[in-house]
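Chemist: Below: one structure in structure tokens.
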Amino acid sequence: MNLIFSIEEEEYWAHFFESAFINSYFNSEKENYIGFTQALLEENKAITEFQIELFKYPLKYSSLEDKKNYIRINYLNII
12 MNLIFSIEEE EYWAHFFESA FINSYFNSEK ENYIGFTQAL LEENKAITEF
62 QIELFKYPLK YSSLEDKKNY IRINYLNII
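First residue of the sequence shown: 12, per this note's numbering; consecutive thereafter.
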């Protein structure tokens, strides 16, 4: 049997088992883990939005400087 999952499904299950492990064995680290995963989610959302923008308007962001400017304008508070 060969199971193929999307990256989102794999991430879901990885974090599910990771959080179950944290809750079971490292309850004192629970708040740190929650903060880490929330930060990771925000970072992944920003990267996905950036990739969508590049895909939609490839000519607008043809140079590295154009890409850097997009990041500075839209994600300065994240970086």
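Even glycine gets a Cβ: it sits at the ideal position worked out from N, Cα and C.
Pairs of beta-carbons, one from the segment 76–90 and one from the segment 46–66, closer than 8 Å: are there three or more?
Modeler: The segment 76–90 vs the segment 46–66: in contact.
Chemist: Please classify residue 71: does DSSP put it in a helix, a strand, or coil?
Modeler: If you number the sequence shown from 1, residue 71 lands on position 60. Three-state result, residue 71: coil.
Chemist: How many angstroms separate the CA atom of residue 67 from the CA atom of residue 39?
Modeler: Along the sequence shown, one-based indexing puts residue 67 at 56. Along the sequence shown, one-based indexing puts residue 39 at 28. Those two C-alpha atoms are separated by around 44 Å.
Chemist: Identify the continuous alpha helix (DSSP H) that holds residue 22 and give its terminal residues.
Modeler: Residue 22 sits at position 11 when you count from the first residue of the sequence shown. Looking at the DSSP string, the run of the alpha helix (DSSP H) that includes residue 22 is 18–36.
Chemist: Can you grab the Cα-Cα spacing for the pair residue 51 / residue 26, in whole Å?
Modeler: In the sequence shown, residue 51 corresponds to position 40, counting from 1. In the sequence shown, residue 26 corresponds to position 15, counting from 1. The alpha-carbon atoms of residue 51 and residue 26 are separated by roughly 11 Å.
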